[in-house]
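For reference, the structure discussed in these notes is given below.
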Amino acid sequence: MDGEHPSPYLGEKCGVFGVFGHGLEAARLVHTGLWTLQHRGQESSGISAADGRQIRTHKGAGLVAHVYDEPALAKLTGHAAIGHNRYSTSGGSSSVHAQPVISSQNLLALAHNGNLPSTAALTGFLVSRGIATAGANDSEQMHRALEHELAAGAALDAAIARAFPLFTGVFSLLLLTRNELAAVRDAHGIRPLSIGKVDGGYVFSSETCAIDAVGGTVIRDVRPGEMVIASESGLRSVQLAPEQGRLDIFEFIYFARPDSVLLGRRVNEVRKRLGANLAREHPVPADVIVPVPDSAIPAAQGYSAVTGIPLDFGLLKNRYIHRTFIRPAQNLRESGVRLKLNPIPEVLRDRRVAVIDDSIVRGTTARRIVAMIRACQAREVHFLVSSPPVRFPDYYGIDTPKREELVAARMGVEEIRDAIGADSLAYLSYEGMIESTGLPESKFSTSCFSGVYPVPVAAAQEVLG
Ligand code: 5GP
Ligand code: MG
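Its first residue numbered 120, the sequence shown is counted upward by one per residue in our numbering.
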């Protein structure tokens with residue numbers, strides 16, 4: 120995660136984690152799971168737990184380490200729990216939209232990873248039932264529709280099946296009633312969600328790394344369009360819509376942790392291949408390969424392995440910077456505060472440096488890094504990117520940048536090279552990116568690179584201009 124970004128660029132990714140099983144202190148496991156998924160959101164965190172009689176919730180702004188203390192966890196009793204780490208807000212203060220979403224009726228807790236670019240159908244339904252929608256974001260509206268069905272006496276599976284067609288967009292959902300837990304993914308499966316087994320129960324997680332962290336075993340992904348219900352009687356699956364899986368390829372490029380498995384592929388291995396393919400497409404004459412930590416490290420390893428050019432860590436990252444960190448005043452930042460990244464001059468001086476990053480979005484990071492490396496008297500600075508140019512916004516997110524903020528939407532490669540001040544600049548090709556995953560293009564949403572959106576975005580485009 121890059122703390123310098125004032126707002127997330129590429130969608131509301133978030134992290135969700137759930138546990139169902141008798142004899143388990145579910146909320147404790149969810150706490151561990153959320154801590155492992157901290158990279159998916161640092162804005163706020165919350166856990167809802169159920170003991171068969173009622174649902175209890177604790178949530179707040181900030182990191183997992185700050186939101187929970189022992190008394191809070193001790194109150195979250197019960198054999199079932201879901202939790203959420205939030206990545207972005209829809210504009211307001213950070214704790215207002217903290218999840219799980221609950222209400223005073225307290226029939227349901229909802230944790231949502233994703234975004235509905237249009238809520239027209241959902242809002243229409245709520246209005247027709249006389250349910251207020253003012254000030255409710257997409258996740259809160261989904262909660263209201265589901266809780267309306269539950270209040271009318273529907274079972275959880277029936278409520279989900281009824282409301283599912285109203286959810287026109289991207290969602291990996293965990294839902295908790297006082298005695299059941301459900302996991303649901305939209306038909307395109309843009310955001311990940313996996314199922315695992317722990318002693319005595321089941322776990323659900325945005326990423327498999329958090330299933331590992333609670334000592335669980337990964338079973339499989341929740342299928343796109345599938346609803347899985349965990350209850351007293353075990354796991355039950357219902358396919359609510361035909362599967363048309365298109366995982367956001369940016370999960371492989373940047374977002375997921377390298378030790379997670381997505382679509383059966385270890386993220387670390389895919390990132391190494393992204394770097395290896397980049398080396399085959401764009402070998403540069405360099406003395407040292409320097410990754411932009413942490414996310415570009417596997418790609419730099421792959422590049423180094425193919426070219427034989429040694430890898431060295433010439434940029435050191437402060438691991439303790441998060442989005443909740445109070446940023447230095449703008450004038451301090453521009454005067455060159457090196458809080459987040461600091462160069463190691465001996466690695467860079469008099470060398471031809473090839474620096475590798477996983478992506479260029481606005482171009483600010485690349486420009487700063489090139490200047491930093493030059494200031495250490497590097498002989499040449501070559502900038503290599505282990506993904507294609509990001510030319511289209513991600514309409515599945517809330518805080519989407521305008522298209523003109525994406526440097527590759529405005530400029531060609533040579534102009535960007537000039538703008539960031541590098542001696543050369545090269546991006547991995549689109550084909551090279553797909554090849555690195557070992558999976559067909561049809562398995563992915565590649566919208567930020569291709570402008571092809573699997574989920575309709577017309578309504579979002581109008582809103583965003
Ligand atoms: P730029 O300065 O070009 O806008 O940002 C590029 C950097 O942002 C890269 O180092 C990349 O690792 C990181 N990055 C890419 N996508 C995201 C995102 O969705 N959120 C955050 N915080 N950083 C991102
Ligand atoms: Mg980065």
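Just so you know, even glycine gets a beta-carbon here, dropped at the ideal spot from N, CA and C.
- Assignment of F568 by DSSP, reduced to helix, strand and coil, places it in the helix class.
- By the neighbour-count criterion, in which a residue is buried when 16 or more other Cβ atoms sit within 10 angstroms of its Cβ, P404 is exposed.
- For the 8 Å CB-CB criterion, A200 and A145 form a contact.
- The C-alpha of N225 lies about 43 Å from the C-alpha of D477.
- Within the stretch 272–317, complete beta strand (DSSP E) segments of at least 3 residues are found at 289–295, 300–304 and 313–317, given in chain order.
- Contact between the stretch 523–539 and the stretch 469–476 is not established, with fewer than three Cβ pairs separated by less than 8 Å.
- Within the stretch 376–451, the complete beta strand (DSSP E) segments of 3 residues or longer fall at 407–410 and 434–436, listed in chain order.
- Contact check for I314 and I338: beta-carbon distance about 5 Å, within the 8 Å limit, so the pair qualifies.
- Nearest to V509 by alpha-carbon distance, out of V500, K436 and M530, is M530.
- According to the DSSP assignment, M346 belongs to no alpha helix (DSSP H) but to the beta strand (DSSP E) extending over E345 to S350.
- In the DSSP assignment, P559 forms no beta bridge with any residue.
- Y439 sits exposed, since fewer than 16 C-beta atoms from the chains shown fall within 10 Å of its C-beta.
- In the DSSP assignment, the residues bridged to F136 are G202 and S324.
- In the DSSP assignment, the residues bridged to L460 are K436.
- Looking from the CA of I372, the closest CA among H267, P512, D340 and F568 belongs to F568.
- A distance of 8 Å or more separates the beta carbons of P429 and I416.
- The ligand MG never approaches V489 closely enough for any of its heavy atoms to be under 7 Å from the residue's Cβ.
- Here F502 carries a strand assignment [DSSP, helix/strand/coil].
- Taken through DSSP and simplified to helix, strand or coil, I166 comes out as strand.
- Straight-line spacing of the CA atoms in Y187 and V389 works out to 34 Å.
- A contact between stretches requires three or more CB pairs, one per stretch, nearer than 8 Å, and the stretch 172–179 fails this requirement with the stretch 349–368.
- Not a single heavy atom of the ligand 5GP lies less than 7 Å from the C-beta of I535.
- Boundaries of the beta strand (DSSP E) harbouring S543: S543 to Y546, taken from the DSSP string.
- Taking a C-beta distance under 8 Å as the contact criterion, A541 and I479 do not qualify as a contact pair.
- A253 counts as exposed, since fewer than 16 other C-beta atoms from the protein chains shown sit within 10 angstroms of its C-beta.
- The DSSP-derived three-state label of I174 is strand.
- The straight-line gap separating the alpha-carbon atoms of T287 and R385 is approximately 30 Å.
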